[in-house]
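Colleague: In mature numbering (1 follows the signal peptide of the UniProt record, and there is no 0), the protein residues as written are -31 to -1, 1 to 153. Cβ atoms here follow ideal geometry from the backbone N, Cα and C, with glycine treated the same way.
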């Protein structure tokens, strides 16, 4: 008897749109799909969106067909309000960091963590709030993942946030999106 792949819980109706991998859906009938709403990334966030690289400079698989369905990290833009008013950056990270998650082999909700760079009041439920002028906490370790001078840090035992050191050395704290949390 063939084993069915494990499926992600359907209770996580999250407002996400990450590289076509994550659908923006806040309620029934509001899914952003190809040919749907166009999201324009603000100039100060464009260096955060797209393919990131590992410490050796190799592109990290983003879970798309181009990466064979393998995910390490995906970063893209989308609405943080489910109406398109506030655009920000979303990040999905296979957990623990560095893991290569094969979407084709099945997965559980806990196999990834989702984060957002919240720039204005969001309707998406998060664990804490983003801070775009944060300090890198003691215990944070570099994942070795970078993009255009941005470096990603985590505290593996506290997945409620990630920290991104920007090219100008500013540190941002991005909040984890609550499991099952959609638009308020």
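Give the single residue among 109, 13 and 114 whose Cα lies nearest to the Cα of residue 57.
Modeller: 13
Colleague: According to the neighbour-count rule (16 or more other Cβ atoms, all chains shown, within 10 Å of its Cβ), is residue 79 buried or exposed?
Modeller: exposed
Colleague: Would you decide whether residue 82 is buried or exposed? Buried here means 16 or more other CB atoms lie within 10 Å of its CB.
Modeller: buried
Colleague: Nearest-angstrom Cα distance between residue 44 and residue 108?
Modeller: 24 Å
Colleague: Just how far apart, CA to CA, sit residue 119 and residue 129?
Modeller: 20 Å
Colleague: Applying the criterion that 16 or more other CB atoms from any shown protein chain within 10 Å of the CB defines a buried residue, is residue 95 buried or exposed?
Modeller: Under this definition residue 95 is a buried residue.
Colleague: Under a Cβ-count criterion, where at least 16 other Cβ atoms within 10 Å of its own Cβ denotes burial, should residue 240 be classed as buried or exposed?
Modeller: The shown model of the chain, from -31 to 153, leaves out residue 240, and the question about it has no answer.
Colleague: Nearest to residue 77 by alpha carbon, out of 55, 85, 64 and 33?
Modeller: 64
Colleague: Measure the CB-CB distance between residue 30 and residue 123 and report whether it falls below 8 Å.
Modeller: no
Colleague: Within the same chain, show all residues whose beta-carbon is closer than 7 Å to that of residue 71, passing over the 5 residues directly before and after it, in chain order.
Modeller: 38 and 39
Colleague: Once DSSP output is grouped into helix, strand and coil, what is the label at residue 83?
Modeller: Residue 83: strand per DSSP, three-state reduction.
Colleague: Applying the 10 Å Cβ sphere with the 16-neighbour rule, what's the burial state of residue 139?
Modeller: exposed
Colleague: Whole angstroms is fine: what's the gap from residue 33's alpha carbon to residue 62's?
Modeller: 13 Å
Colleague: Pull up the DSSP beta-bridge partners for residue 195, would you.
Modeller: For the chain, the structure presents residues -31 to 153; residue 195 sits outside this window and is missing.
Colleague: Please list the terminal residues of the continuous beta strand (DSSP E) segment that includes residue 137.
Modeller: Element bounds for residue 137: n/a, residue is neither H nor E.
Colleague: What three-state label does DSSP hand residue 130 in the structure shown?
Modeller: strand
Colleague: Starting from residue 116, trace the beta strand (DSSP E) in both directions and tell me its first and last residue.
Modeller: 110 to 116
Colleague: Can you tell me the Cα-Cα spacing of residue 110 and residue 23, whole angstroms?
Modeller: 14 Å
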